[in-house]
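Written below as structure tokens is the structure these notes are about.
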Amino acid sequence: MPVERLVAAGQTFNQPEYTDNFYEAIGGHATFVQLVDVFYDGVADDEVLRPMYPEQDLGPAKERLLLFLEQYWGGPKAYGEQRGHPRLRMRHMPFRVGPQARDHWLQHMRAAVEALDLAPLHEATLWDYLDRAAHSMVNAAD
Ligand code: HEM
Numbered sequence: 001m002p003v004e005r006l007v008a009a010g011q012t013f014n015q016p017e018y019t020d021n022f023y024e025a026i027g028g029h030a031t032f033v034q035l036v037d038v039f040y041d042g043v044a045d046d047e048v049l050r051p052m053y054p055e056q057d058l059g060p061a062k063e064r065l066l067l068f069l070e071q072y073w074g075g076p077k078a079y080g081e082q083r084g085h086p087r088l089r090m091r092h093m094p095f096r097v098g099p100q101a102r103d104h105w106l107q108h109m110r111a112a113v114e115a116l117d118l119a120p121l122h123e124a125t126l127w128d129y130l131d132r133a134a135h136s137m138v139n140a141a142d
């Protein structure tokens, strides 16, 4: 097929269908499901975090975090379709997120990231983001 036809079809050799993003690189959907599963197992037993969640069932909150993280790292865009623009700091304003809550959140997220057993560079990339995001979410003193 002539190159112009390939370009029109979006199939040029230098513009492949993208699969080499971070989401795919660390294992796609299964990896993110494991991450939020382990994280929410920790939240469920946490005396500081558990009372902050408005719903009795943590399932819907787990799903929102899953969809957000998948979208952020280059996976499906379901979060935006269902919830719109993330505006995460604003969405956390109804909750008192102080340093103690942040540290508990990070403690469970650390355990969840370690359970994935990622390559060191992938783990560092993921952790760096989560750590910075958690610090930016603080909106109150303890
Ligand atoms: C720093 C400590 C944090 C605490 C104590 C906290 C707590 C909460 C709580 C109580 C909710 C409401 C649960 C629900 O969805 O019904 C929530 C929602 C959410 N949180 Fe956090 N969070 C923290 C940090 C983060 C970070 C760092 C991220 C992202 C990397 C994040 C992502 C989300 C998302 C995506 C939602 C759902 C937003 C929506 O669409 O409504 N949270 N969080």
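The letter at position 100 of the sequence shown is residue 100 when you use the UniProt record's numbering, and the numbering goes up by one with no holes.
Even for Gly, the Cβ is constructed at its ideal location relative to N, Cα and C.
Under a Cβ-count criterion, where at least 16 other Cβ atoms within 10 Å of its own Cβ denotes burial, should residue i be classed as buried or exposed?
i, result
"Leu69", "buried"
"Arg102", "buried"
"Lys62", "buried"
"His104", "buried"
"Gly75", "buried"
"Tyr18", "Unreliable placement is indicated for Tyr18, whose pLDDT of 48 sits below 50; the coordinate value is still reported in the next sentence. With fewer than 16 Cβ atoms within 10 Å of its Cβ, Tyr18 is classed as exposed."
For the ligand HEM, is there a heavy atom less than 6 Å away from the beta-carbon of residue i?
i, result
"Tyr53", "yes"
"Arg87", "no"
"Met137", "yes"
"Val97", "yes"
"Arg132", "no"
"Trp127", "no"
"Phe68", "yes"
"Leu116", "no"
With distances taken Cα to Cα, identify the nearest neighbour of residue i among the options.
i, options, result
"Phe32", "Gln100, Leu126, Ala133", "Leu126"
"residue 146", "Phe95, Asp57, Asp20, Leu66", "The chain is shown only over 1 to 142; residue 146 falls outside these bounds and no answer can be derived."
"Val138", "Glu55, Arg89, Arg64, Gly74", "Arg89"
"Leu106", "His85, Asp20, Phe22, Tyr40", "Tyr40"
"Gln82", "Arg64, Ala134, Gly98", "Arg64"
"Ala134", "Glu114, Leu58, Ala119, Val97", "Val97"
"Gln100", "Val38, Glu47, Ala124", "Glu47"
"Met52", "Gly28, Ala119, Leu118, His92", "His92"
"Asp131", "Arg110, Pro120, Leu118", "Arg110"
"Pro54", "Ala141, Phe95, Trp73", "Phe95"
"Tyr23", "Leu118, Asp142, Ala141, Ala140", "Leu118"
"Tyr129", "Leu58, Leu49, Trp73", "Trp73"
Give me the Cβ distance between residue i and residue j, rounded to the nearest whole Å; I'm assuming they're in contact under 8 Å.
i, j, result
"Ala30", "His122", "Not a contact, Cβ separation roughly 15 Å."
"His108", "Val43", "6 Å"
"Gln56", "Leu116", "That pair is no contact at about 28 Å."
"Gln71", "Gly84", "Actually they are not in contact, since the Cβ atoms of Gln71 and Gly84 sit about 12 Å apart, beyond 8 Å."
Unbroken stretches of the alpha helix (DSSP H), 4 residues or longer, contained in the stretch 39 to 83: 59 to 72, 78 to 83
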